[in-house]
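Take a look at the structure below.
Residue numbers (the numbering used here), protein chains in the order written: chain A, 1 to 187; chain B, 188 to 475.
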């Protein structure tokens, strides 16, 4: 059975092809997920890969990785990246440029904004689970969106109106948010 | 696991008491010493949570799954499973007609009038977030009472509200050695809201409780209290970046960060009741 199970297993998959993107917003960018559902050999390796491309000034939605660490390698452009620990301390706040890598530990909150240059920011992220999942904090199907507005109003000490803006401000956007103006921002 | 304290289990075991206490505006959380040999060997961590009447335990998630047993009282628990849809919804009355159909002349005239009114109200609502015609939506809420066990997966944020007439007390066990946790075998609490919390930890008490601690370590410990401070995870993000990502004002973003919030992890709800969407008993018994 080894022959059928392993020897003929598909070992290669392209994630740079824009047409294969799993998440896409015209003004924001795209993310392609490669997990064991697409490439079964990853179940053996217990790892997965994400490929992301962000347009200039686009925002990578604040989120955390639920079940894996991630090593993020910048392939082009630059981004300002912030990573926050459970103690609410900023453990990384800096620029990630092409050729640089940083580890985002499991459960740590992370957010990024692509640079304002034409090339924006592109990265490849290696995760330590074959079916890595992340949890967005805001936007569609996010943590804050999944809670009643009154819970947010009491939790943050804001009005009902503000609580609903927090929940619905990003509408149906997810993963990569378009920049506020839709245009270029000074660096 | 053997290297994490199991080697010392040949000594007599003893009952544990909480060693750390986090006080909040409307309750407290008492943690057991996870460095105790019994707990570290088992790869577990534990806490007792007290939520006063109308108290709200703020949303948070952790690096390990947990089981919670309700010792006393009743309340509502909202567990947000990442990626799942908001299945409890309340929509505004200004919903658009689902589709265009054939009408006779009278109906068509009436329909045009309705559509014109609809577009006016829609124009008003589209100035703000109400363009979605949703007043509120959220994931399922579970009512809990004494004797219930609640399972909360790793990385899933949850909140708890005590809507009963007595203090809600629960005992929670965290499986830090679970496969879902790839960090170290330490319980890590990631708070999504609330301000700074201080953990008061009586070292003398902790020393008495810790199993297998050597005499020399004891003599080095001070009897004074130790304070560990933590903040919510949004507090460390750049305020402007956070405001833009959520598309709210900087002032609202600052409130999300809660840097000046001193209420702790369990806060008192401002009104008499927390307004959440949930089916009522009468709805459940309504006939078809």
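All C-beta atoms, glycine included, are put in the ideal place defined by N, C-alpha and C. Computed from a predicted model, the values in this text were never measured in an experiment.
key: Exposure label - residue 228 (chain B); buried when at least 16 CB within 10 Å   = buried
query = What separation, rounded to the nearest whole angstrom, lies between the Cα atoms of residue 90 (chain A) and residue 7 (chain A)?
reply = 45 Å
request  = Mark residue 225 (chain B) as exposed unless 16 or more other C-beta atoms lie within 10 angstroms of its C-beta, in which case mark it buried.
outcome  = buried
query = chain B beta carbons: is any one of them nearer than 7 Å to that of residue 37 (chain A)?
reply = no
message = Just checking: is the beta-carbon of residue 82 (chain A) within a distance shorter than 7 Å of some beta-carbon in chain B?
response = yes
request  = Could you check which residue in B:203, B:325, B:357 has the C-alpha nearest to that of residue 335 (chain B)?
outcome  = B:357
message = Let's see if you can read the secondary structure: which residues bound the alpha helix (DSSP H) around residue 168 (chain A)?
response = 160-168
key: Any C-beta of chain A under 7 Å from that of residue 361 (chain B)   = no
request  = Classify residue 437 (chain B) as helix, strand or coil using the three-state DSSP reduction.
outcome  = helix
Chain-ordered neighbours of residue 106 (chain A) on chain B, where CB pairs are closer than 7 Å = 250, 369, 370
message = Can you tell me whether residue 277 (chain B) is helix, strand or coil according to DSSP?
response = strand
key: Residues near residue 396 (chain B) in its chain [Cβ-Cβ closer than 7 Å; skip 5 each side]   = Caution is warranted here: a pLDDT of 48 is assigned to residue 396 (chain B), below 50, making its placement in the model unreliable, and no coordinate value can be reported.
message = Can you give me the C-alpha to C-alpha distance between residue 156 (chain A) and residue 18 (chain A), rounded to a whole angstrom?
response = 39 Å
message = Along the chain, where does the beta strand (DSSP E) containing residue 82 (chain A) start, and where does it finish?
response = 70-84
request  = Answer yes or no: do residue 53 (chain A) and residue 29 (chain A) have a C-beta to C-beta separation smaller than 7 Å?
outcome  = yes
ask   = DSSP beta-bridge partners for residue 221 (chain B)?
value = BP columns for residue 221 (chain B) are empty, so no partner.
key: Whether residue 139 (chain A) touches residue 97 (chain A) by CB criterion (7 Å)   = no
inquiry  = What ranges does the beta strand (DSSP E) occupy inside the region 72-159 of chain A, keeping only unbroken runs of at least 3 residues that lie completely in it?
reply    = 90-97, 101-104, 109-114, 121-127, 134-136
query = Name the DSSP beta bridge partners of residue 261 (chain B), please?
reply = B:332
ask   = residue 454 (chain B): beta carbon under 6 Å from a heavy atom of the ligand COA?
value = No copy of the ligand COA occurs in the structure displayed, which carries no ligand at all.
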